[in-house]
Amino acid sequence: MDKKKKFTEIYNKYSSGLRKLCYGYCGDTDLADDLLQDTFLSVWKNLEKFRGEAKLSTWIYRIAVNTCLSNIRKQKLKMVKSNNELLNAIPETKTDTESHIKTLYKSISLLKEADRFIIMLFLEEKSYQEIAEITGFKESNVRVKIHRIKKELTEIYKSNEQF
Amino acid sequence: MNSFDDIKNLWNKGEGTQQSLSPDLSSSSKDARYKMQSKYKWGTISLALTGCFIIALAIFPDLNLQKWYTYGAMGLISLICFAQAIFLYQNYLKIQRISDLSLPADHLKQWEAYYALRKKQNKWNGPVYFLALNLAMAIYFIEIFSGRPILNVMIMLSIYFGWMAFAYFYIGKRVMKKEKERLNQIINELKELNIQFKSEQ
Numbered sequence: 001m002d003k004k005k006k007f008t009e010i011y012n013k014y015s016s017g018l019r020k021l022c023y024g025y026c027g028d029t030d031l032a033d034d035l036l037q038d039t040f041l042s043v044w045k046n047l048e049k050f051r052g053e054a055k056l057s058t059w060i061y062r063i064a065v066n067t068c069l070s071n072i073r074k075q076k077l078k079m080v081k082s083n084n085e086l087l088n089a090i091p092e093t094k095t096d097t098e099s100h101i102k103t104l105y106k107s108i109s110l111l112k113e114a115d116r117f118i119i120m121l122f123l124e125e126k127s128y129q130e131i132a133e134i135t136g137f138k139e140s141n142v143r144v145k146i147h148r149i150k151k152e153l154t155e156i157y158k159s160n161e162q163f
Numbered sequence: 001m002n003s004f005d006d007i008k009n010l011w012n013k014g015e016g017t018q019q020s021l022s023p024d025l026s027s028s029s030k031d032a033r034y035k036m037q038s039k040y041k042w043g044t045i046s047l048a049l050t051g052c053f054i055i056a057l058a059i060f061p062d063l064n065l066q067k068w069y070t071y072g073a074m075g076l077i078s079l080i081c082f083a084q085a086i087f088l089y090q091n092y093l094k095i096q097r098i099s100d101l102s103l104p105a106d107h108l109k110q111w112e113a114y115y116a117l118r119k120k121q122n123k124w125n126g127p128v129y130f131l132a133l134n135l136a137m138a139i140y141f142i143e144i145f146s147g148r149p150i151l152n153v154m155i156m157l158s159i160y161f162g163w164m165a166f167a168y169f170y171i172g173k174r175v176m177k178k179e180k181e182r183l184n185q186i187i188n189e190l191k192e193l194n195i196q197f198k199s200e201q
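So the protein lines, in turn, are chains A and B. Note that the UniProt record's numbering gives residue 120 to position 120 of the first sequence, counting from 1, and the numbers run on in steps of one. Note that the UniProt record's numbering gives residue 49 to position 49 of the second sequence, counting from 1, and the numbers run on in steps of one.
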């Protein structure tokens, strides 16, 4: 299979989930699209290096996590802006479900960076083992963390929903 | 919305698809990494071209300079340009070597090392480049200004050194201070992230 065809297949299969991951990480749609673009640029550049030692999804999600982390400064600057925008914009511009989803993404973006990735990978139905392989945490530690983050996210979501 | 299961349902309803069918790989990336690499790449190219241009000027037959040290100064200026070009290219390579495939903790560590190196470089590279370039320019001016009315020479030198002093002591110091603060902030943020990814691995 040629590189372009393989890449297109990867894009079609993973772009939706990765965009959610990027959006949840930064809480800003424009920046999420930039991060997604940069993730796939890195996938394209590194595609020959994929040897199949790990699962393809593990490999791709790790690139996405690293891309998000290396854009920390841009993300922090935008986050202040988008947090303010969210509180003002949701009620009149979005339907109920859309505004709930946006509040969810915003709530995720208020967690600690590592926690955001762990919970989003869990929500994407990745196994504990795969989450551990992507993030570098021990599997047993991932289980404990997920239990804690679930509670924390539910609380943040509830408090954001009241606005 | 009372439980995590509700959150999970909401997550599954979330729209993850992008409007475009595939990413535009030809477009320039907005990623900080590629921007930095691009800055170093074009810096390297423009400095190398400047060095070549000065050498070409020195060997141009109609230049008609009399003193060997004037040619020496031109050689020194091009050498400084080439040295700075190599310096920028090395930084370009350092960024290129940062792996997106590593574990997040290692990836962050590589960025941290890069920014720590930039912080060190900032202390010496700017002043050394500035001093060496101005020393070479001063040698070059000896012949260029010789035999000209002293008042014109004084005016020209005052403008040149005045601008250089302003550029170094005012603009340069301010830029360096800002850059130092920026690098410190990035290093601290990376350290903070690294703690998260390293803790109880």
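Note that the Cβ used here is the ideal one computed from N, Cα and C, for glycine as well.
Should THR103/A and TYR157/A be called a contact, given that it needs their Cβ atoms to be closer than 8 Å?
Going by C-beta atoms, THR103/A is nearer than 8 Å to TYR157/A.
To the nearest angstrom, how far is the alpha carbon of GLU53/A from that of ASN134/B?
55 Å
Are the beta-carbon atoms of CYS68/A and LEU35/A separated by less than 8 Å?
yes
Starting from the beta carbon of TRP163/B, find every residue of chain A whose beta carbon is closer than 7 Å, and list them in chain order.
Within 7 Å Cβ-Cβ: nothing; TRP163/B doesn't reach chain A, min ~33 Å.
Of all the alpha helix (DSSP H) runs that stay within the bounds of the UniProt domain "RNA polymerase sigma-70 region 2" (10-76) of chain A, which reach a length of 4 or more residues?
29-46, 56-70
Chain A partners of ASP100/B, CB-CB under 7 Å?
SER42, ASN46, ILE63, ASN66, THR67
Less than 8 Å between the C-beta atoms of residue 210/B and ARG33/B, yes or no?
This structure cannot settle anything about residue 210/B, because the visible part of chain B is limited to 1 through 201.
If you draw a straight line from the C-alpha of LYS35/B to the C-alpha of LYS109/B, how long is it?
20 Å
Which same chain residues end up closer than 7 Å to ALA116/B when comparing Cβ atoms and leaving out the 5 residues on each side of it in sequence?
ILE187
Just the C-alpha distance for LEU18/A and ARG148/A, rounded to the nearest angstrom, thanks.
Straight-line Cα distance between these residues: approximately 23 Å.
At the 8 Å Cβ level, is SER3/B part of the contact set with chain A, yes or no?
True, the Cβ-Cβ gap to chain A drops below 8 Å.
Determine, using beta carbons only, whether ASN71/A comes closer than 8 Å to chain B.
yes
Does the beta-carbon of ALA167/B have 16 or more other beta-carbons within 10 angstroms, so that it is buried, or is it exposed?
exposed
Could you list which residues in chain A have their beta carbon closer than 8 Å to that of LYS39/B, in chain order?
In chain order: nothing, as chain A lies at least about 15 Å away.
Mind listing which residues of the stretch 77-111 of chain B have their C-beta closer than 9 Å to chain A's C-betas, in chain order?
ILE98, SER99, ASP100, LEU101, SER102, LEU103, PRO104, ALA105, ASP106, HIS107, LEU108, TRP111
Taking the alpha carbon of GLY126/B as the reference point, which residue from PHE87/B, ASP100/B, HIS107/B, TRP111/B has its own alpha carbon closest?
For GLY126/B, the closest of PHE87/B, ASP100/B, HIS107/B, TRP111/B by C-alpha to C-alpha distance is PHE87/B.
Check whether the stretch 55-67 of chain A touches the stretch 137-155 of chain A, counting contact only when three or more Cβ pairs, one atom from each stretch, lie closer than 8 Å.
no
Could you give the residue range of the alpha helix (DSSP H) that holds ARG33/B?
32-59
Alpha carbon to alpha carbon, what distance is there between THR50/B and TYR129/B?
15 Å
Can you tell me where the alpha helix (DSSP H) with ALA85/B in it begins and where it stops?
68-96
Should THR97/A go down as buried or exposed, given a rule of 16 or more other Cβ atoms within 10 Å for buried?
Counting of Cβ neighbours within 10 angstroms places THR97/A among the exposed residues, the total staying below 16.
Kindly list the residues whose CB is nearer than 8 Å to the CB of LEU79/B, restricted to its own chain and excluding five residues on each side of it in sequence; keep chain order.
GLY51
In chain B, what lies closer than 7 Å to LEU123/A by C-beta?
Under the 7 Å cutoff, chain B gives LYS8, TRP11.
Below 7 Å between beta carbons is the criterion; list the residues of the stretch 130-157 of chain A that meet it against any residue of chain B, in chain order.
THR135, GLY136, PHE137, LYS138, ASN141, LYS150, LEU153, THR154, TYR157
By the criterion of Cβ-Cβ separation under 9 Å, what are the contact partners of LEU49/B in chain A?
Within 9 Å Cβ-Cβ: nothing; LEU49/B doesn't reach chain A, min ~27 Å.
Report yes if the C-beta distance between SER42/A and ASP100/B is below 8 Å; otherwise report no.
yes
How is PHE137/A classed by DSSP in three states: helix, strand or coil?
coil
Tell me whether LEU103/B sits in a helix, a strand or coil according to DSSP, three-state version.
Secondary structure at LEU103/B: coil, using DSSP grouped into helix, strand and coil.
With DSSP collapsed to three states, give me the class of GLY172/B.
helix
With 16 as the cutoff for other CB atoms within 10 Å, does PRO61/B come out buried or exposed?
exposed
So, under 8 Å CB-CB, SER109/A and ARG116/A are touching, yes? Tell me the CB distance rounded to an integer number of Å.
7 Å
Name the chain A residues that come within less than 8 Å of LEU193/B, Cβ to Cβ?
LEU69, ILE72, GLU113, ALA114
With 16 other CB atoms within 10 Å as the buried threshold, where does PHE197/B fall?
buried
So the alpha helix (DSSP H) ASP5/B belongs to, where does it begin and stop?
Boundaries of the alpha helix (DSSP H) harbouring ASP5/B: 4-13, taken from the DSSP string.
Contact between the stretch 131-148 of chain B and the stretch 56-75 of chain B: three or more CB pairs below 8 Å?
Judged by Cβ distances under 8 Å, the stretch 131-148 of chain B makes contact with the stretch 56-75 of chain B, as three or more pairs qualify.
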